[in-house]
Amino acid sequence: MDKEQFLAVLQTEVATFNSAVSTSNGDWIIKGFIDIYKNIYTISVDTKVISKIMKLLLFPELARFAEKYGLKMILSEQQNFYPDISFVDDEDHRFALDLKSTYRIDSDRVNGMTLGTFTGYFRERNSTKNITFPYGSYSGHFVLGAIYSKTDGLIDERRRYNFDELERITSVIRDFQFFAQEKYRIASDRPGSGNTKNIGSVTEIDKLISGSGPFASLGEHVFDDYWMYYLTKDMARAVELKRPPYTNLRGYLKYKGLAK
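Number 210 in numbering that gives the first Met the number 0 belongs to position 211 of the sequence shown; there are no gaps in the numbering.
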């Protein structure tokens with residue numbers, strides 16, 4: 000299986016994932032946390048909590064996907080390892096899949112996602128630190144994304160519900176849209192928010208779905224070269240290096256003599 004075939008079958012499966020996480024009217028099937036006394040505690044709209052629960056919901060779906068296509072599914076050993084899942088076919092082709100989620104800001108844009116570090120194993124392609132297999136040994140790097148909307152209205156996190164009130168609990172998120180794309184096709188030319196050593200994603204929903212970010216037409220080799228040598232001011236200062244003469248894709252293309 001090559002990476003184009005892997006992406007094609009993954010996109011086919013992703014189209015069915017809504018039923019695994021949402022009700023018929025689009026609400027998240029997760030209502031809260033339950034204790035041994037059958038008390039239910041609501042979930043806040045915490046993106047880290049939502050992201051973790053979404054991964055737990057999708058793991059069984061992806062296990063069925065792996066079985067259907069004869070792939071071995073290997074989960075990351077630790078939370079900060081890349082990728083979330085490695086798939087390996089019977090010819091030892093490896094495919095890296097990271098699971099990401101983000102919320103809509105409006106009908107056209109999302110808050111954005113981080114797509115992994117641009118240091119460490121990304122630059123040292125034979126390294127085994129914080130990665131399941133060396134980065135360079137993967138036939139392709141992919142993102143399975145979940146886009147959702149936050150539920151309007153007040154969620155009372157102080158309230159405790161009993162099990163009989165389950166149907167009355169408001170789901171904190173709804174209206175899911177899943178997509179799968181190669182990582183480079185949805186990457187932006189700027190670091191993600193928070194951890195500035197992470198690659199940021201595009202934020203336009205149509206570009207995420209279609210895989211038409213700024214590197215899509217340039218190719219993965221340009222994406223790799225751009226981010227392998229990208230330095231923030233703090234990074235350059237720490238290693239006492241002069242920064243490459245670019246901070247965005249326009250500057251990079253001019254520096255490389257590729258600008259039209």
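Just so it is clear, CB atoms sit at the ideal spot from N, CA and C, and this is done for glycine as well.
Fair warning: this is a prediction, and the values are worked out from it, not measured in the lab.
Cross-strand partners of N38 (DSSP beta bridge) = In DSSP, N38 forms a bridge with N161.
Is DSSP giving E66 helix, strand or coil here?
-> helix
Sort D1, D205, I198 by Cα distance to D105 and report the nearest one.
-> D205
Less than 8 Å separating the beta-carbons of K54 and S170?
-> no
With Y183 and Y147 assumed to form a contact (beta carbons below 8 Å), what rounded beta-carbon distance in angstroms separates them?
-> Not quite, the Cβ-Cβ distance comes to about 24 Å (not below 8 Å), so this is no contact.
Which stretch, first to last residue, makes up the beta strand (DSSP E) that contains K71?
-> 71-74
Reference K99, options I130, T113, Y229, closest by Cα | T113
Starting from Q77, trace the beta strand (DSSP E) both ways and give me its first and last residue.
-> Neither: Q77 is in no beta strand (DSSP E) and is coded neither H nor E.
Using only alpha-carbon positions, find the residue among S21, G218, V13 that is nearest to L61.
-> Each of S21, G218, V13 was checked against the Cα of L61, and the nearest Cα belongs to V13.
Per DSSP, W27 is paired with what?
-> S21
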